[in-house]
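Spelled out as structure tokens, the structure:
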């Protein structure tokens, strides 16, 4: 049941419904207070009763629970878990869930936009939206609405168009071969030839590689499906130079590869090139070779064709050569 009371120069509205906590809010106008009471009552009456009393639960506790119960079971959970832990230390995490409003996240959005790019803020707020959605609809937290549901989000990241230039490839492989780790140059060239993700390359085992028939089998990939990737002649030549001394084809950690990649790139004098751009390069080459969308998707492992095109940036010179051939 709701009520509106005059307190000083403002109107205090309160809504109490069995099974829910008490909701209160102040307004300058009585009409706004009455309208809010009616909307809140309607919303609560048409929402299933909460199975979890949030009580004094803070945002920090929710983020930590989500990291343990949800994020830890996802592929590539490291990044999301890192972000959840990062925001757990932010002042906003000290707020109780019952007190959080859209306004809190508007302030967080504006603050973060001064520190990082809009695409990063967009991704982080989408993560918050998923956290609250899970808490309310799956875990039954007693919250009437998701405070991030209707928040205006900044523009997402623009798709990268960075490709590896022929001269850059030569310099990069030379610099990679000078690294103390003997696998770095082979991994770089292997990535360019196959279009595999970094995680897929590092998980690859010799028992999953068929050099005689020219393919590698990938299991438990990012999209949850297994696939076979054809190996080019150059790719097979690269693998034949790699020592068969370990179960893994490339027995190094992701951190080791990241650090070695940064050193090689810097030594080669190349800027604004990420390891994942090698996957962009490979996919674009597949299309330039004349492969169809289904064929490329079969190799790259993309389920959504729209997402596949984000990785595709054809070289106009190669396209013009094909056009002249007609």
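In full-length UniProt numbering, the protein residues as written are 1 to 326. Just so you know, even glycine gets a beta-carbon here, dropped at the ideal spot from N, CA and C.
With respect to the C-alpha of residue 221, the residue from 201, 234, 236, 238 having the closest C-alpha is 201. The shortest C-alpha to C-alpha distance from residue 283 to any of 231, 216, 195, 164 is the one to 195. Within the region 207-285, the complete alpha helix (DSSP H) segments of 4 residues or longer fall at 233-240, 254-267, listed in chain order. For the set 2, 26, 216, the Cα lying nearest the Cα of residue 9 is the one of 26. The beta carbon of residue 253 is closer than 8 Å to those of 202 in its chain, skipping five residues each way along the sequence. Apart from sequence neighbours up to five positions away, the residues of its chain that approach residue 217 with a beta-carbon distance below 6 Å are 208, 228, ordered along the chain. By the Cβ-count criterion, residue 147 is buried, with 16 or more other Cβ atoms from all chains shown falling within 10 Å of its own Cβ. Annotation for residue 30: 4, 11 place their beta carbon closer than 7 Å to its own, counting only its chain and skipping 5 residues before and after.
Between residue 95 and residue 58 the beta-carbon gap is near 6 Å, inside 8 Å, which marks them as a contact. Residue 110 and residue 83 do not touch by the CB rule: their CB atoms are close to 18 Å apart, not below 8 Å. Its chain contains 198, 201, 275, 278, 279, 282 as the residues whose beta carbon lies nearer than 8 Å to that of residue 191, once the 5 sequence neighbours on both sides are disregarded; these appear in chain order. In this structure residue 156 is not in contact with residue 104, their Cβ atoms being roughly 22 Å apart against a cut-off of 8 Å.
Between residue 88 and residue 60, the gap from beta carbon to beta carbon is short of 7 Å. Contact between residue 215 and residue 231 holds, with the beta-carbon distance rounding to 6 Å and staying under 8 Å. Going by beta carbons, residue 219 and residue 210 fall outside the 7 Å limit.
By the beta-carbon neighbour count (other beta carbons within 10 angstroms, threshold 16), residue 66 is buried. With a threshold of 16 other beta carbon atoms within 10 Å, residue 35 falls short and is exposed. Residue pairing by DSSP places residue 96 opposite 58 in a beta bridge. Looking at 139, 205, 154, 101, the one whose alpha-carbon comes closest to that of residue 126 is 154. Of all alpha-carbon atoms in 235, 204, 46, the one lying nearest the alpha-carbon of residue 213 is that of 235. Per the coordinates, the alpha-carbon of residue 182 lies some 17 Å from the alpha-carbon of residue 205. If only complete runs of 4 or more residues are kept, the region 122-206 shows the alpha helix (DSSP H) at 166-177, 184-194, 198-203, in order along the chain. Secondary structure at residue 2: strand, using DSSP grouped into helix, strand and coil.
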